[in-house]
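Read the structure below first, then the notes.
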Amino acid sequence: MTPSSDASPGTGEPADPWLTPAELAAWMSVVRLITRLPWALDTQLQRDADLSMVEYMALAMLSEAPDRTLRMSTLAEVVNSSLSRLSHLVKRLEKRGYVRREPDPDDGRFTNAVLLPDGIRKLESAAPGHAAHVRHLVVDNLSPERLRRLGQDAERILQRVDSPVR
C-alpha cells in the first residue's frame, strides 16, 4: 500500500494511487472530522436555538451583507447549497418571520433574501452559544499557530476542490 514514486507517463500523477498506512490514518481522521463536526454543531444549534446549521449560516451571511440583503443565488453559494434547497430553507425562515423574499430592484429576474428584525434577534440569541461551542470543540483544542495552520490548510484544500478539473 505504498505509493510508487514513478509517475504515470504523461500525467504527472503517481502510478500507484493507494495511500500509505500513515496517509490512510490521516485521511480517516479527516473523514471523521468532516462528518462528525457538522453534526455536533448542528445538534447544538437545534437544541439551543431551534436552528439548523445551514439556517444559522444563512442568517449569519445575510447579517453581514450590505442592507442585510443577498440574491438567492449568492446566498446559496455562500452557504454551500443548491438554489432549490436554499429556496426551501428560505421559505421555512420566511414562515418564521426571519427573512423575506423580494424581487431584486436592479434586475427583476433575480430574487433577494432580506434579513428581518426577528431574524437579527434570532441570530443574536443563537450566536453566543454557537461561538462557545465552536470554541470548545475546535479553537480551545489548538494553539493559535496550529489553528492558523489548520485554516491555511483548509483554504488550500478548498482551492483544489473549487478549481476546475483539468
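Counted the way my numbering counts, the sequence shown spans residues 79 to 244. All residues carry an ideal CB built from backbone N, CA and C; glycine is no exception.
Buried versus exposed, by CB contacts within 10 Å (16 or more), His208
For the purposes of this step, residue 208 is taken as residue 130 along the sequence shown, with counting starting at 1. His208 is buried by the Cβ-count criterion.
Identify, in the order they occur along the chain, each residue of the same chain with its Cβ nearer than 7 Å to the Cβ of Leu123, setting aside the five sequence neighbours on each side.
As a working mapping, residue 123 is identified with position 45 in the sequence shown. For Leu123, where only same-chain residues beyond five positions count, the Cβ hits under 7 Å are Leu129, Ser130, Met131, Tyr134, Ala204, His208.
Can you tell which of Leu119, Leu102, Arg114, Ala127 has its C-alpha closest to the C-alpha of Val212?
In the sequence shown, the residue the question calls residue 212 occupies position 134. The option with the nearest alpha carbon to Val212 is Leu119.
Our contact map puts Leu193 next to Val177 with C-beta atoms below 8 Å; I'd like the distance itself, whole angstroms only.
Here the question's residue 193 lines up with position 115 in the sequence shown. Here the question's residue 177 lines up with position 99 in the sequence shown. Between Val177 and Leu193 the Cβ distance is about 6 Å, and since that is below 8 Å, they are a contact.
Looking at the structure shown, is Ala191 part of a helix, part of a strand, or coil, going by DSSP?
As a first step, residue 191 must be located in the sequence shown, where it is residue number 113. Looking at Ala191 - three-state DSSP - the assignment turns out to be strand.
Measuring only the C-alpha atoms, how far is Lys169 from Ser162?
Locating residue 169 in the sequence shown gives position 91, counting from the first residue. Locating residue 162 in the sequence shown gives position 84, counting from the first residue. Those two C-alpha atoms are separated by around 11 Å.
Between the stretch 232-244 and the stretch 183-192, do at least 3 Cβ pairs fall closer than 8 Å?
no
Using the DSSP secondary-structure output, state which residues sit across from Glu180 in a beta bridge.
In the sequence shown, the residue the question calls residue 180 occupies position 102. Answer by DSSP bridge pairing, in chain order: Asn190.
What number of angstroms, rounded off, separates the C-alpha of Ser159 from the C-alpha of Arg226?
Along the sequence shown, read from residue 1 onward, the residue named residue 159 stands at position 81. Along the sequence shown, read from residue 1 onward, the residue named residue 226 stands at position 148. If I take the Cα positions, the gap works out to 26 Å.
Alpha helix (DSSP H) containing Arg227: first to last residue?
Taking the sequence shown and counting its residues from 1, the one referred to as residue 227 is at position 149. Where Arg227 is concerned, the enclosing alpha helix (DSSP H) stretches over 222-240.
Helix, strand or coil: which one does DSSP assign to Thr147?
One-based indexing of the sequence shown puts residue 147 at position 69. Note: Thr147 maps to strand in three-state DSSP.
From the DSSP output, in three-state form, read off Val243 for me.
If you number the sequence shown from 1, residue 243 lands on position 165. In the structure shown, Val243 sits in coil (DSSP, three-state: anything other than H, G, I, E or B).
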